[in-house]
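Student: The sequence shown lines up with residues 3 to 464 when you count with our numbering.
Got a structure for you, written out below as structure tokens; questions coming shortly.
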Amino acid sequence: MTAAYPMPIHSPEALPYGVQPVGRLVLFGDVLDFTADPSFSHPRDQQGVRWRPDHAVLIEHGRIVAVQARNVAMPTGWLDAKVQDHTGRLIMPGFIDTHVHCPQLDVIASFGTELLDWLHTYTFPAERRYADPEVSRMGAQRFVAALWAHGTTSAVVFPTVHKVSAEALFEVAHAHDMRMITGKVLMNRHAPDGLLDDVAQAERDCVDLIDHWHGQGRQAFAVTVRFAVTSTRDQLTMAGQLCRTYADTYMQTHVAESRDEVRLVADLFPDARSYLDVYDREGLIGPRSILAHGIWLDERDRAVLRDHGAQIAHSPSSNLFLGSGLFDWVQAQRDGVNVSLASDVGGGTGLSMLHNMSDAYKIQALQGNRLTAWKALFTATLGAAQHLGLAQEIGQVEPGLMADLTVWDWAHGPLACHRDSLAVASGDLHERVFCWMTLGDDRNLRATLVAGQVVFSACEAA
Ligand code: GUN
Ligand code: ZN
3 MTAAYPMPIH SPEALPYGVQ PVGRLVLFGD VLDFTADPSF SHPRDQQGVR
53 WRPDHAVLIE HGRIVAVQAR NVAMPTGWLD AKVQDHTGRL IMPGFIDTHV
103 HCPQLDVIAS FGTELLDWLH TYTFPAERRY ADPEVSRMGA QRFVAALWAH
153 GTTSAVVFPT VHKVSAEALF EVAHAHDMRM ITGKVLMNRH APDGLLDDVA
203 QAERDCVDLI DHWHGQGRQA FAVTVRFAVT STRDQLTMAG QLCRTYADTY
253 MQTHVAESRD EVRLVADLFP DARSYLDVYD REGLIGPRSI LAHGIWLDER
303 DRAVLRDHGA QIAHSPSSNL FLGSGLFDWV QAQRDGVNVS LASDVGGGTG
353 LSMLHNMSDA YKIQALQGNR LTAWKALFTA TLGAAQHLGL AQEIGQVEPG
403 LMADLTVWDW AHGPLACHRD SLAVASGDLH ERVFCWMTLG DDRNLRATLV
453 AGQVVFSACE AA
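In structure tokens, the structure reads:
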């Protein structure tokens, strides 16, 4: 069974368990992906942009085996392959969301607070419920189905402090051969009862999860420090030791998101030079570190991130919604910092990476900069894959890579269709892609494939 649109994501049972393994599958459509980092602000500069209109994508055993023009003859044995004809639609690599909170689907769109209040008022109470294995299981299923229904095929995810919440995510992702990076959240202070761990137990839980899940299929463990506020120095030291012992795991956390938070961290860690330095001193910054936000960093912090090859998960809709600040992407790029894109739901207002790209554009516009659709789309596909060390697996429509793909309508609804027709008439590809990025959302999505399986498909009637 394939999940259909509109998908009842409140009903985890709608998850497409038991999908039949697809042997050979051919998708027809217009293929857009990237071969290199494109121009930040010049749409006419199409270096790194790969546009292959009216092509066929050949998929076998979960991987892409060829991408060829429609009029090229199919290889021997492919004439009876299953075909999905998406002629006139856009085929792209699935999006990679590098920072999102599974349990926070329950608090998305909560009114009236900034980060620290928001955590205590809405987020922590919701996360406490994940102590219950059934809540964790249902929550993970709902969450993964929702990612697919928005065109996201790989994610770096915060569950909760409860080991079971990480297990639930790994189980769902593994059952569908989906790339998932997650780990139990570390937090041992400044949070309510029911959301606190202790250093020794947390370490045992992490080691268990690493032993069981890290490297199991497409699952990878991330040492998951919530943020400096909710971990004692002892716990940060333990987290750093885990990163050293298990050097191929990831590390994810938040850094320098809001000004109040930065002040609080300075009070809690008076010896540290900066918020980032709290993590750096403990050995938490490395090439596999993913730090959400990074709005209020200084030049030395950016040099540390650059020198370690760590990445900032820029979370546009969250930064706007919580009023956290405007991320200076241009400066980050100038200073050589890796940047990926993230929804940060539920601080963020949607899982749609298109929405987040459109918000990213506005954040740059407010600072006098212009973000091309090329740069935004690259960042959510090949760019993220490169920063995660996964470019051999995801991020492009390329033979040998996993068939994690999305199929999109260029426009949905009369306004977008009108605008799209003008963009087509202009003959300017960037104009068309930019309109799609700016006006599009999950209603444009026709299909999502993970490892060659259709895990989301829009009803023709929708
Ligand atoms: N900082 C610490 N925890 C969180 C969280 O859950 N969301 C966001 N946006 N920032 C955080
Ligand atoms: Zn977050």
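By construction, the Cβ of each residue, glycine as well, lies at the ideal position given by its N, Cα and C atoms.
Out of curiosity, what's the CA-to-CA distance linking Met-404 and Val-163?
Tutor: So the alpha carbons of these two residues sit roughly 31 Å apart.
Student: Do you know how far the Cα of Ser-320 is from the Cα of Phe-113?
Tutor: Cα to Cα, the separation comes out at about 13 Å.
Student: Quick one, which of Leu-379, Gly-397, Phe-380 and Ala-378 has its alpha-carbon nearest Ala-387's?
Tutor: Gly-397
Student: Report all residues for which the CB-ligand distance to some heavy atom of ligand 1 is below 6 Å; order them along the chain.
Tutor: His-103, Leu-117, Leu-121, Thr-125, Arg-228, Phe-229, His-256, Glu-259, Ser-320, Asp-346 and Gly-349
Student: Taking just the CA atoms, how far does Tyr-132 sit from Leu-451?
Tutor: 28 Å
Student: What three-state label does DSSP hand Met-404 in the structure shown?
Tutor: strand
Student: Quick one: does the C-beta of Ala-168 sit closer than 8 Å to a heavy atom of ligand 2?
Tutor: no
Student: Does at least one heavy atom of ligand 2 sit under 8 Å from the Cβ of Ser-2?
Tutor: The structure shown does not extend to residue 2, since the chain is modelled only from 3 to 464, so the question has no answer here.
Student: Can you have a look at Ala-71 and say buried or exposed, based on whether 16 or more other CB atoms are within 10 angstroms of its CB?
Tutor: exposed
Student: Looking only at DSSP bridge pairs, what is Phe-380 linked to?
Tutor: According to DSSP, Phe-380 bridges with nothing at all.
Student: Could you check if His-152 belongs to the surroundings of ligand 2, using beta carbon to heavy atom distance under 8 Å?
Tutor: no
Student: Quick one: using the 10 Å Cβ neighbour count with 16 as the cut-off for buried, is Gln-465 buried or exposed?
Tutor: The first residue shown for the chain is 3 and the last is 464, placing residue 465 beyond what the model contains.
Student: Identify, in the order they occur along the chain, each residue of the same chain with its Cβ nearer than 7 Å to the Cβ of Val-339, setting aside the five sequence neighbours on each side.
Tutor: Hits under 7 Å: Arg-304, Leu-307, Arg-308 and Ile-314.
Student: Return the CA-CA distance between Leu-171 and Ser-428, expressed in angstroms with no decimal places.
Tutor: 45 Å
Student: Please work out which residues of its chain come closer than 8 Å, Cβ to Cβ, to Phe-323, disregarding the five sequence neighbours upstream and downstream, and give them in chain order.
Tutor: Gly-349, Gly-350 and Thr-351
Student: Is Phe-30 a contact residue of ligand 3, with contact defined as CB to any heavy atom under 8 Å?
Tutor: With respect to ligand 3, the structure offers nothing, as its ligand set consists of ligand 1 and ligand 2.
Student: For a test of the three-state rule: what should DSSP assign to Asp-99, helix, strand or coil?
Tutor: In the structure shown, the three-state DSSP call for Asp-99 is strand.
Student: Flag this pair as yes or no: are the beta carbons of Thr-226 and Ala-168 separated by less than 9 Å?
Tutor: yes
Student: Quick one: grab the DSSP three-state call for Asn-340.
Tutor: strand
Student: Taking DSSP as the reference, what is the three-state secondary structure of Pro-55?
Tutor: strand
Student: Do Leu-441 and Ala-418 have their CB atoms nearer than 9 Å?
Tutor: yes
Student: Cα separation between Asn-358 and Thr-78?
Tutor: 42 Å
Student: Pick out whichever of Ala-75, His-295, Ala-393 and Arg-448 has its Cα sitting closest to the Cα of Ile-98.
Tutor: Ala-393
Student: Quick one: which unbroken alpha helix (DSSP H) runs of 4-plus residues sit fully inside the segment 316-369? Chain order, please.
Tutor: 318-323, 331-336 and 355-367
Student: What residues in its chain sit with their C-beta under 6 Å from that of Phe-108, if we drop five residues either side in the sequence?
Tutor: The sequence shown places Asp at residue 108, rather than the Phe named in the question. Cβ neighbours of Asp-108 beyond the five flanking positions: Ala-128.
Student: Which residues does DSSP list as the beta-bridge partners of Phe-160?
Tutor: Under DSSP, the beta-bridge partners assigned to Phe-160 are His-103.
Student: Within 10 angstroms of the Cβ of Arg-246, are there 16 or more other Cβ atoms? Answer buried if so, exposed if not.
Tutor: exposed
Student: Just reading off the alpha helix (DSSP H) that Ser-41 is part of, what are its end residues?
Tutor: Run containing Ser-41: none; DSSP gives neither H nor E here.
Student: Provide the residue span of the alpha helix (DSSP H) that contains Asp-262, from first to last.
Tutor: 261-270
Student: Can you give the beta carbon distance from Ile-110 to Asp-32, rounded, assuming they're within the 8 Å contact cut?
Tutor: About 32 Å; that fails the 8 Å criterion.
Student: Please look up how many angstroms separate the CB atoms of Leu-293 and Ala-312, rounded, as I've assumed it's under 8 Å.
Tutor: 6 Å
Student: Look at Phe-329 and Ile-365 and say whether their C-beta atoms are less than 9 Å apart.
Tutor: yes
Student: Give me the Cα-Cα distance between Leu-188 and Arg-228, rounded to the nearest whole angstrom.
Tutor: 6 Å
Student: Taking 8 Å as the cut-off, does the CB of His-192 come closer than this to any heavy atom belonging to ligand 2?
Tutor: no
Student: Any idea if Asp-406 is buried or exposed, counting beta-carbon neighbours within 10 angstroms, 16 or more meaning buried?
Tutor: buried
Student: Hey, Met-355 and Gly-153 are a contact pair by Cβ (cut 8 Å); roughly how many whole angstroms apart?
Tutor: 7 Å
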